[in-house]
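Have a look at the structure below, then the notes.
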Amino acid sequence: IYVHDGGQHQWDSAAPVAVARAAGLHTSRIDGTPLVYNQRDTWLPDLLICRPELAEPVMRALWDNEG
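When we follow the numbering used here, the leftmost residue of the sequence shown carries the number 1, and every step to the right adds one.
And the structure:
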């Protein structure tokens with residue numbers, strides 16, 4: 001499980017996300033929304049990479065511990 005919530009530019013995560021996707025891993029923002037690249041605003045606030053079966057439990061745990 002890799003969670004990054006400090007933000008980064010899209011070029012910082014593009015290659016790791018491509019490798020993760022090629023390996024069949026789940027990649028998204030930590031709220032589950034898709035990562036969108038090639039945008040005018042290059043900042044991505046957060047990132048989640050994990051095995052697909054762990055995505056929902058991880059997002060739920062992050063949500064439960066947010067406040």
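Glycine residues also receive a C-beta, built at the ideal position from the N, C-alpha and C atoms.
I need the DSSP call for Gln-39, collapsed to helix, strand or coil. The answer is coil: DSSP assigns Gln-39 none of H, G, I, E or B.
Does the distance from the CB of His-9 to the CB of Leu-47 come in under 8 Å? Not closer than 8 Å, so no.
In three-state DSSP terms, what is Leu-54? The three-state secondary structure of Leu-54, taken from DSSP, is helix.
To the nearest angstrom, how far is the alpha carbon of Gly-7 from that of Leu-44? Those two C-alpha atoms are separated by around 6 Å.
In or out: Thr-42 buried (at least 16 other Cβ within 10 Å) or exposed? Thr-42 is exposed by the Cβ-count criterion.
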